[in-house]
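First comes the structure, then the notes that go with it.
Residue numbers (UniProt numbering): 1 to 169.
Set out below in structure tokens:
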């Protein structure tokens, strides 16, 4: 076997699904993708891309359109910090979506396995928080990727999904 070849073929993509608040469409867990060099490198590239104007635009759009649909459980003094945390999750996801969109071999219904792994790493980087807030942050991380990858025309499906969901433990 050559230096750059592997003994077995591993798919370089997983299905891209509309994010859900319950996390049921979170990218499939591929241990090789979640812990490998590709995921770590992609995570870093996504964090860099999160500071671009495009990622800020996606985060602003999601904050304006999706946050009002979430039942945020925060005291008045904590609410600005909660909104900042959720916006940061959306912005991080958007950075990963921008990196994923650079891959010309992916179809619109696919996400690169390294990006799926990087989303998993980003989720692990979330600070400790109550379960409902963690679920909301994870949703916005995934939604940020989704909208950055597919464009703002993907937003109405997210809004419809949230409007029909029950946001409770």
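Every residue, glycine too, gets a C-beta built ideally from N, C-alpha and C.
Computed from a predicted model, the values in this text were never measured in an experiment.
Contact check for residue 89 against residue 137 passes: the beta carbons are separated by less than 7 Å. Bounds of any beta strand (DSSP E) do not take in residue 18, whose DSSP letter is neither H nor E. Excluding the 5 residues flanking it on each side, residue 150 has same chain C-beta neighbours closer than 7 Å at 108, in chain order. Every alpha helix (DSSP H) stretch that sits fully inside the region 69-133 and reaches 4 residues is listed by chain position as 79-101 and 113-124. The continuous alpha helix (DSSP H) containing residue 37 extends over residues 37-49. Rounded to the nearest angstrom, the Cβ distance from residue 63 to residue 98 is 17 Å, too far for a contact under 8 Å. For the pair residue 58 and residue 147, the CB atoms are nearer than the 7 Å cut-off.
Residue state for residue 27 is assigned as coil, using DSSP reduced to three classes.
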